[in-house]
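Undergrad:
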Amino acid sequence: MSLPEPFRLLAYLLGIMAFVGLNAAYLVWVERKGAGRFQRRPGPTEVGYAGLLQPIADAVKLLTKQVIVPPGADATLFRLAPVVVLAPALMCLAIIPFGPHLVAREINVGLLLLFAFGSINVMAIMIGGWASRNKYAIISAARVVSQDVAYEIPMLLVVITMLMVTGTMDLNQIVRQQAGAFWNWNLFKLAANPLMPVTFVIFYICMLAETNRAPFDMAEAESELVAGAFTEYAGMGFGVFFMAEYANIVVGCAVATVLFLGGWQSPIGILPGAFWFLLKLYALVFSVVWVRWTFPRTQFYGLLNLSWKILIPIALFTLILSSVMLKLF
Amino acid sequence: MTGFPGSEAIVAGIFLVAVATTVAGALIAALTTRIIRSVCGLALCCVGLAGLYYFLHSPFLALMEILIYVGAVCVTIVFAIMLAEPEESAAQEKRGTVWLGSAVGLVLGGAIFWGLARLGLAGPWSVPATRVTDGSVPALGVALLTTYSMAFELISLVLLVAILGALVIARTGRTQP
Numbered sequence: 001m002s003l004p005e006p007f008r009l010l011a012y013l014l015g016i017m018a019f020v021g022l023n024a025a026y027l028v029w030v031e032r033k034g035a036g037r038f039q040r041r042p043g044p045t046e047v048g049y050a051g052l053l054q055p056i057a058d059a060v061k062l063l064t065k066q067v068i069v070p071p072g073a074d075a076t077l078f079r080l081a082p083v084v085v086l087a088p089a090l091m092c093l094a095i096i097p098f099g100p101h102l103v104a105r106e107i108n109v110g111l112l113l114l115f116a117f118g119s120i121n122v123m124a125i126m127i128g129g130w131a132s133r134n135k136y137a138i139i140s141a142a143r144v145v146s147q148d149v150a151y152e153i154p155m156l157l158v159v160i161t162m163l164m165v166t167g168t169m170d171l172n173q174i175v176r177q178q179a180g181a182f183w184n185w186n187l188f189k190l191a192a193n194p195l196m197p198v199t200f201v202i203f204y205i206c207m208l209a210e211t212n213r214a215p216f217d218m219a220e221a222e223s224e225l226v227a228g229a230f231t232e233y234a235g236m237g238f239g240v241f242f243m244a245e246y247a248n249i250v251v252g253c254a255v256a257t258v259l260f261l262g263g264w265q266s267p268i269g270i271l272p273g274a275f276w277f278l279l280k281l282y283a284l285v286f287s288v289v290w291v292r293w294t295f296p297r298t299q300f301y302g303l304l305n306l307s308w309k310i311l312i313p314i315a316l317f318t319l320i321l322s323s324v325m326l327k328l329f
Numbered sequence: 001m002t003g004f005p006g007s008e009a010i011v012a013g014i015f016l017v018a019v020a021t022t023v024a025g026a027l028i029a030a031l032t033t034r035i036i037r038s039v040c041g042l043a044l045c046c047v048g049l050a051g052l053y054y055f056l057h058s059p060f061l062a063l064m065e066i067l068i069y070v071g072a073v074c075v076t077i078v079f080a081i082m083l084a085e086p087e088e089s090a091a092q093e094k095r096g097t098v099w100l101g102s103a104v105g106l107v108l109g110g111a112i113f114w115g116l117a118r119l120g121l122a123g124p125w126s127v128p129a130t131r132v133t134d135g136s137v138p139a140l141g142v143a144l145l146t147t148y149s150m151a152f153e154l155i156s157l158v159l160l161v162a163i164l165g166a167l168v169i170a171r172t173g174r175t176q177p
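If you read the sequences in order, they're chains B and Y. Note that this note's numbering has the first sequence beginning at 1, numbered continuously upward. Note that this note's numbering has the second sequence beginning at 1, numbered continuously upward.
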């Protein structure tokens, strides 16, 4: 890289912001197309070829709408919440290694940074829900907290397991350790921990819950809570929450790709790393959409029981098992 | 930071932003009347503190500050507020007591500030010749499990007792109607 460091960071910042915007727009398209196909209907078709311009039209529509602050709401916090929900996701994307050298900032505690900034998301949705001064929004905010706190624990246990196996928090270093064919990926490192695929499944479930995606979309249960914490948001305020949701999905899938699926490592040794990274990333993102339109929303008790009674014990067991394996072999 | 024009100024500016964030967060937390804004001020203050830790060459501590204080402590406080009454009633205190309290607080705060400032300015600063550790995760882990293992174990014991206490309180609270 010949650019001076500040210019390089600025370029990456612009790139990441463009990526988040376009990504959100076109994931909405994927979501709607996917929903349509899973329900045996065509999905959006009118605007452009196969509805490809639909997201642009939606974005313009959202941008032209008035942002209404309801009377009685806490106006400052109400306006602040969408910003606070989007900013940490942007921050997390800055350290995701999209390729061997395609990373805005390599930091040796990258994994920790992801979870530190990921935890702000809860706070932001809660501020938004509270500031709306709306019953549905407050119920939704309370649900978000108990859900995210419950699923943070198995997720961090899984991450500790992965930390012990890899021995580093540097994301690029973790990817470099998984060089070679696909059986070198952490997902298939059965020698380090025979339950590695189980660990991956736990991580995936927790990622769905942390990003408030169906079947765990308690924050935005349309049929019972109108639109949950986002009920009072109009126009681009709502749009920013959506962008943040999709950005968080991408961050979550990127972490899964880095930790388990070998990041930018190519399984067959052709094509540049960024291609493979995006392929794995979007395969995971597609599976998230798939899950949403396949499984119905769980009940809230079922959700908490799943975390506290099933996921946390299994995650603890894999943690102990992998530490025993590390000690013995 | 090699030779980029104005890099010193940029770094100083970011440092000032971190300091300003900390101070602004603390002021919001102390001065606002709505309790939810106080928590937001606290969170902002913690983010600013994390920036200051980063300037002190300990990124691990900075991220832990955000993870624990913003992501856990502030969330817990907000959750507690949500369980309470949504409409906090305006405090009906006599103006006399408020003024008296403010005066005492001001005097005490001023005294503490003066004492600390005097200590900081007049006291001898022993400058370490070299940095003791690099503040990285392995160094912290080794320190926790060798030099400070006693404190580490004691803290985990205290946490365990706290969890058990919370369970006991929750259990008795549930059986009594």
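Cβ atoms here follow ideal geometry from the backbone N, Cα and C, with glycine treated the same way.
Between the region 122-134 of chain B and the region 170-190 of chain B, do at least 3 Cβ pairs fall closer than 8 angstroms?
TA: Because the criterion of three Cβ pairs below 8 angstroms is not met, the region 122-134 of chain B and the region 170-190 of chain B do not touch.
Undergrad: Please check if any C-beta of chain B sits within less than 8 angstroms of the C-beta of Y/Ala43.
TA: Chain B contact via Cβ: present.
Undergrad: Determine which residues of the region 5-37 of chain Y have a Cβ less than 8 angstroms from any Cβ of chain B, and write them out in chain order.
TA: The residues in question are Ser7, Ile10, Arg34, Ile36 and Arg37.
Undergrad: Just list the alpha helix (DSSP H) runs in the region 252-297 of chain B, keeping only unbroken ones of 4 residues or longer that don't cross its boundaries, in chain order.
TA: Those alpha helix (DSSP H) runs which fall completely within the region 252-297 of chain B and span 4+ residues are 273-294.
Undergrad: Using a Cβ-Cβ cut-off of 8 angstroms, state whether Y/Ile77 counts as contacting chain B.
TA: It does not: the Cβ of Y/Ile77 has no partner Cβ on chain B nearer than 8 angstroms.
Undergrad: Looking at the C-beta of Y/Ser58, does it have a partner C-beta in chain B at a distance below 8 angstroms?
TA: It does not: the Cβ of Y/Ser58 has no partner Cβ on chain B nearer than 8 angstroms.
Undergrad: Since Y/Ile66 and Y/Val39 should fall inside the 8 angstroms C-beta cutoff, what is the C-beta to C-beta distance between them, to a whole number of angstroms?
TA: With a Cβ gap of about 15 angstroms, Y/Ile66 and Y/Val39 do not count as contacting.
Undergrad: In chain Y, which residues lie less than 9 angstroms from B/Trp130 when you measure between Cβ atoms?
TA: What B/Trp130 touches in chain Y: Ile36, Val78, Ile81, Met82 and Pro86.
Undergrad: Short check: CB of Y/Ala18 to CB of Y/Phe55, under 8 angstroms?
TA: Yes, Cβ-Cβ distance for Y/Ala18 and Y/Phe55 is below 8 angstroms.
Undergrad: With a threshold of 16 other CB atoms inside 10 Å of the CB of B/Lys280, please say whether the residue is buried or exposed.
TA: With 16 or more other Cβ atoms within 10 Å, it is buried.
Undergrad: Just the C-alpha distance for B/Phe300 and B/Asp217, rounded to the nearest angstrom, thanks.
TA: Their Cα atoms are separated by approximately 10 angstroms.
Undergrad: Please check the pair B/Val78 and B/Val69, which I expect to be a contact at CB under 8 angstroms, by giving their CB distance rounded to whole angstroms.
TA: The sequence shown places Phe at residue 78 of chain B, rather than the Val named in the question. With 8 angstroms as the limit, B/Phe78 and B/Val69 qualify as a contact, their Cβ atoms being about 6 angstroms apart.
Undergrad: So what's B/Asp148 in DSSP terms, helix, strand or just coil?
TA: Reduced to three states, the DSSP call for B/Asp148 is helix.
Undergrad: Could you name the residues of the same chain whose beta carbon sits closer than 6 angstroms to that of B/Ala244, not counting the 5 residues immediately before and after it, in chain order?
TA: Here the set comprises Val85, Leu86 and Ala89.
Undergrad: Pull up the distance between the alpha-carbon of B/Asn172 and that of B/Gly110, whole angstroms please.
TA: Taking the straight line from one Cα to the other gives about 9 angstroms.
Undergrad: State the CB to CB distance for the pair Y/Thr21 and Y/Gly41, rounded to an integer number of angstroms; the pair is presumed to be in contact (CB under 8 angstroms).
TA: With a Cβ gap of about 11 angstroms, Y/Thr21 and Y/Gly41 do not count as contacting.
Undergrad: According to DSSP, simplified to helix, strand and coil, what is B/Glu5?
TA: Here B/Glu5 sits in helix by DSSP.
Undergrad: Report the residues of the region 104-116 of chain B with a CB closer than 8 angstroms to any CB of chain Y, ordered along the chain.
TA: From the region 104-116 of chain B, only Ile107, Asn108, Val109, Leu112, Leu113, Phe115 and Ala116 have a Cβ closer than 8 angstroms to chain Y.
Undergrad: For Y/Ser149, count neighbouring Cβ atoms within 10 angstroms of its own Cβ and tell me buried if that reaches 16, exposed if not.
TA: Label assigned to Y/Ser149: exposed.
Undergrad: Taking the alpha helix (DSSP H) that Y/Phe55 belongs to, which residues open and close that run?
TA: Per DSSP, Y/Phe55 belongs to the alpha helix (DSSP H) from Ile35 to Phe55.
Undergrad: Would you mind reading off the limits of the alpha helix (DSSP H) that contains Y/Thr21?
TA: Run containing Y/Thr21: Ser7 to Leu31, per the alpha helix (DSSP H) assignment.
Undergrad: Using 8 angstroms as the limit for Cβ to Cβ distance, is B/Ala315 near chain Y?
TA: Closer than 8 angstroms: no.
Undergrad: What first and last residue would you give for the alpha helix (DSSP H) that runs through Y/Val75?
TA: Segment Val75 to Leu83, the alpha helix (DSSP H) holding Y/Val75.
Undergrad: Taking just the CA atoms, how far does Y/Ser156 sit from B/Val251?
TA: If you take the alpha carbons of B/Val251 and Y/Ser156, they lie about 32 angstroms apart.
Undergrad: Can you check whether the CB of B/Asn23 is closer than 8 angstroms to the CB of B/Tyr204?
TA: Contact: no.
Undergrad: State whether the region 253-263 of chain B contacts the region 281-290 of chain B, with contact taken as three or more CB pairs (one from each stretch) at a distance under 8 angstroms.
TA: The region 253-263 of chain B, when compared against the region 281-290 of chain B, does touch it at the 8 angstroms Cβ threshold.
Undergrad: Smallest Cα separation from B/Gly118: which of Y/Leu31, Y/Ile35 and Y/Gly71?
TA: When only C-alpha atoms are compared, the closest one is Y/Gly71.
Undergrad: Please list, in chain order, all residues of the same chain as Y/Gly48 whose beta carbon is under 6 angstroms from its beta carbon, the five residues on each side excluded.
TA: Answer for Y/Gly48: Ala18, Thr21, Thr22 and Gly25, listed in chain order.
Undergrad: From Y/Met1 to Y/Ser126, what does the alpha carbon distance come to, in whole angstroms?
TA: Residue placement at Y/Met1 is flagged as unreliable, the pLDDT there being 46, under the threshold of 50; the coordinate-derived value follows with that caveat. C-alpha separation (whole angstroms): 28 angstroms.
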